[in-house]
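Asks: If you're matching them up, the sequences are chains A and B in order. Using numbering that gives the first Met the number 0, the letters of the first sequence correspond one by one to residues 0 to 371. Using numbering that gives the first Met the number 0, the letters of the second sequence correspond one by one to residues 0 to 141. My questions will all concern the structure given below.
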Amino acid sequence: MAVPISQMWTVATYVLKKKLAGNKRYPLVLMLEPLFRCNLACAGCGKVQYPPHILKKQLSPEECFAAVEECGAPMVSLPGGEPLLHPQIVEIVNGLIARKKYIYLCTNALELKRRLPEFTPSKYLTFSVHLDGQREQHDFSVCREGGYDIAIEGIKEAVKRGFRVTTNATFFDGTDPNSVRGFFDEVMDMGVEGIVLSPGYSYEKAPDQNRFLGRARVRRLFRAILSNRKPTWKFNMSPLFLEFLMGDRKYECTPWGSPAFNIFGWQRPCYLLQDGYTETYKELIETTKWEEYGVASGNPKCANCMVSCGYEPSAVIDGFGSLSGFWGMVKGTFSLYKDNHALKLLNEPAPHGPATLVQIEQRERALEGTNA
Amino acid sequence: MSAEVLKYTLEQVEALELAPGTEHNHLEGWIPELASGDDLRQALEKAFDYRGDVTLTLKNGERIEAFIFNRLTGPTLAESFVQYFTPSATDKRKVSYADIARLEFSGKDRAAGKHWEDWVKAYNEKKAAGEKNIALAPEALD
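Dropping the structure here:
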């Protein structure tokens with residue numbers, strides 16, 4: 000169990016209160032982007048391609064606090080851009096801690112070691128360090144040799160100082176599942192609290208348009224990675240979302256579960272897609288044509304998406320909002336997901352680009368495959 | 000978005016191996032002909048999607064260099080607006096479609112010209128030449 004009990008309790012009671020109040024659409028995580036400026040130029044990222052005058056803009060602490068209070072989500076993710084490039088990021092973080100929000104500060108950690116003395120460890124603050132795999136994979140993915148080593152230094156220092164630290168990986172086509180499993184061993188050895196992972200989104204503005212995973216290949220890859228787990232691996236994610244990635248569960252997207260706010264306003268409909276902006280959170284919720292998004296809508300911009308910001312809220316709401324979901328979450332927390340078919344996938348040659356279609360065998364897991 | 004709805008069936012979506020990427024539109028330098036209201040709406044939709052500055056010339060002769068980040072469309076041109084930032088002002092601004100006489104995709108397209116293949120090629124060349132700390136750097140802000 001990687002997520003602390005106090006955080007789980009906060010989220011669980013929040014979901015139950017919303018459910019009892021009959022709220023149909025409510026946020027779980029505010030994706031608060033304080034700036035788009037970044038010190039990396041990753042091939043799979045479509046977030047930072049803007050003119051310089053836009054990249055120089057940033058949200059003030061007051062704008063951040065107003066957005067947090069307006070939407071009321073119990074958790075706040077600070078992505079970007081690189082949040083540690085924001086000159087007032089410490090003030091923003093401290094203000095969110097004072098508001099008792101669970102914060103995930105998403106960073107590539109190039110500046111982490113240098114900036115750490117400015118922060119104070121708290122149960123509310125987690126540094127979520129972007130690491131896309133082992134050294135070679137990560138450096139190639141973020142287009143910077145040496146990036147992995149710098150990030151590792153930051154992680155170790157943060158752990159040493161008593162901060163909560165998770166790693167956050169995005170996977171694209173060509174990912175070697177054995178390498179990813181080796182990566183899990185490495186980061187758990189560093190003392191991180193847990194691992195966060197997701198398939199990449201097919202950003203229209205990303206430099207690399209040829210390596211976005213389709214749904215069939217996502218399920219195959221994550222089945223290979225996440226089955227037959229080692230007991231030492233901890234995931235800072237809903238077990239139900241991981242089962243969704245492995246092809247064991249079907250969920251629809253919950254785009255309002257992770258609303259995004261940045262210098263342009265409240266982003267419609269979600270953190271990944273830019274179909275416009277509203278001035279207020281209320282306007283976002285009330286005027287967005289939600290039926291036009293998600294896989295069931297047939298919208299091609301949503302067709303391949305299995306990304307955490309849309310589907311983890313679905314899993315969390317299922318987990319804390321129904322008895323069957325809760326039982327699934329308990330089972331998933333303690334299961335090692337034994338699966339011989341997945342073992343065979345690991346023995347296949349490492350991918351070096353597009354491979355042939357392999358559909359995941361859909362079947363109920365046997366109880367003996369779990370520790371529940 | 001509505002015109003694109005139901006382009007895929009659920010079965011097709013679930014069977015996708017590789018998600019198709021987006022073909023990049025080369026709009027930099029383009030000056031669309033704005034002969035009708037529909038022309039203007041379509042051009043401003045592209046400007047909203049463009050990751051560079053554009054130059055708007057208003058019917059009163061004013062020229063505005065702007066990054067268009069939003070459009071608020073209504074039943075008439077007068078009731079439709081684009082929202083933008085300019086390089087020199089800090090606040091969000093907006094202008095009615097009905098006031099726009101000319102549009103030019105004048106700024107550099109920041110989403111063009113960087114490809115994975117280029118990175119791989121450059122990386123391999125530099126590696127073969129014995130270079131260390133090979134990296135793609137973000138563009139300078141000044």
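Built from N, CA and C at the ideal position, the CB exists for glycine as well.
Per DSSP, which residues does residue 62 of chain B bridge with? Please list them.
Replies: B:56
Asks: According to DSSP, is residue 232 of chain A part of a helix, a strand, or is it coil?
Replies: coil
Asks: Can you tell me whether residue 139 of chain B is helix, strand or coil according to DSSP?
Replies: coil
Asks: Run through chain A and tell me which residues come within less than 8 Å of residue 28 of chain B, C-beta to C-beta.
Replies: The contacting residues do not exist; residue 28 of chain B stays about 15 Å from chain A at best.
Asks: Once you ignore the five residues that flank residue 178 of chain A on each side, which residues in its own chain have a CB closer than 8 Å to its CB?
Replies: 132, 133, 136 and 349
Asks: I'd like to confirm the pairing. Which residues does DSSP put opposite residue 75 of chain A in its beta bridges?
Replies: A:29 and A:102
Asks: My assumption, with CB atoms under 8 Å, is that residue 195 of chain A sits in contact with residue 165 of chain A. Please give the rounded CB distance.
Replies: 5 Å
Asks: For residue 169 of chain A, list the residues DSSP reports as bridge partners.
Replies: A:197
Asks: Listed in chain order, which residues of the segment 317-334 of chain A have Cβ atoms closer than 9 Å to some Cβ of chain B?
Replies: Cβ proximity to chain B below 9 Å picks out nothing from the segment 317-334 of chain A.
Asks: Can you give me the start and stop residues for the alpha helix (DSSP H) that residue 42 of chain B sits inside?
Replies: 36-48
Asks: Going by the CB atoms, is the gap between residue 197 of chain A and residue 306 of chain A shorter than 7 Å?
Replies: yes
Asks: Just the C-alpha distance for residue 226 of chain A and residue 79 of chain B, rounded to the nearest angstrom, thanks.
Replies: 52 Å
Asks: Residue range of the beta strand (DSSP E) that residue 264 of chain A falls in?
Replies: 264-268
Asks: Any beta-carbon of chain B closer than 7 Å to the one on residue 251 of chain A?
Replies: Chain B, which has no Cβ nearer than 7 Å to the Cβ of residue 251 of chain A, makes this no.
Asks: Short of 7 Å Cβ to Cβ, which residues in the segment 47-60 of chain B face chain A?
Replies: 50, 51 and 52
Asks: Could you spell out the range, first to last residue, of the alpha helix (DSSP H) harbouring residue 223 of chain A?
Replies: 214-225
Asks: Which one of B:134, B:75, B:127 and B:49 has the shortest CA to CA distance from residue 107 of chain B?
Replies: Comparing Cα-Cα distances from residue 107 of chain B to each of B:134, B:75, B:127 and B:49, the minimum goes to B:49.
Asks: So if DSSP puts residue 129 of chain A in a beta bridge, which residue, or which two residues, is it bridged to?
Replies: A:167
Asks: Thinking C-beta only, is residue 312 of chain A closer than 7 Å to residue 253 of chain A?
Replies: The Cβ atoms of residue 253 of chain A and residue 312 of chain A lie closer than 7 Å to each other.
Asks: Going by the CB atoms, is the gap between residue 193 of chain A and residue 171 of chain A shorter than 7 Å?
Replies: no
Asks: What residue does the beta strand (DSSP E) around residue 102 of chain B start on, and which one ends it?
Replies: Taken as a continuous stretch (DSSP letters only), the beta strand (DSSP E) holding residue 102 of chain B covers 99-103.
Asks: Just the Cα atoms here: how many angstroms apart are residue 238 of chain A and residue 228 of chain A?
Replies: 12 Å
Asks: When the Cα of residue 20 of chain B is compared with those of A:174, A:208, A:117 and A:277, which residue comes out closest?
Replies: Across the set A:174, A:208, A:117 and A:277, the C-alpha of A:208 shows the shortest separation from the C-alpha of residue 20 of chain B.
Asks: Could you confirm whether any beta carbon from chain A is found closer than 7 Å to the beta carbon of residue 42 of chain B?
Replies: no
Asks: Give the interface partners of residue 141 of chain B over in chain A, defined as CB-CB distance under 8 Å, in chain order.
Replies: 51
Asks: Whole-angstrom Cβ separation of residue 81 of chain B and residue 57 of chain B, contact assumed at under 8 Å?
Replies: Contact doesn't hold; Cβ gap of about 12 Å is too wide.
Asks: Mapping the DSSP letters down to three states, classify residue 11 of chain B as helix, strand or coil.
Replies: helix
Asks: Measuring alpha carbon to alpha carbon, tell me which of B:36, B:135 and B:124 ends up nearest residue 74 of chain B.
Replies: B:36
Asks: Under 7 Å, CB to CB, which of the residues in the segment 188-201 of chain A have a partner in chain B?
Replies: 201
Asks: Helix, strand or coil: how does DSSP classify residue 57 of chain A here?
Replies: strand
Asks: If we cut at 7 Å on Cβ distances, does residue 14 of chain B have a partner in chain A?
Replies: yes
Asks: Contact between the segment 339-347 of chain A and the segment 209-224 of chain A is defined here as three or more beta-carbon pairs at a separation below 8 Å; is this criterion met?
Replies: yes
Asks: Which runs of the beta strand (DSSP E) spanning at least 3 residues fall entirely within the segment 253-309 of chain A, listed in chain order?
Replies: 259-261, 264-268 and 273-277
Asks: How far does the alpha helix (DSSP H) with residue 83 of chain B in it extend, from its first residue to its last?
Replies: Segment 80-84 is the beta strand (DSSP E) holding residue 83 of chain B; no alpha helix (DSSP H) there.
Asks: According to the neighbour-count rule (16 or more other Cβ atoms, all chains shown, within 10 Å of its Cβ), is residue 266 of chain A buried or exposed?
Replies: Classification for residue 266 of chain A: buried.
Asks: Taking residue 29 of chain A and residue 70 of chain A to be in contact with their CB atoms under 8 Å, please state how far apart those CB atoms are, rounded to whole angstroms.
Replies: With 8 Å as the limit, residue 29 of chain A and residue 70 of chain A qualify as a contact, their Cβ atoms being about 5 Å apart.
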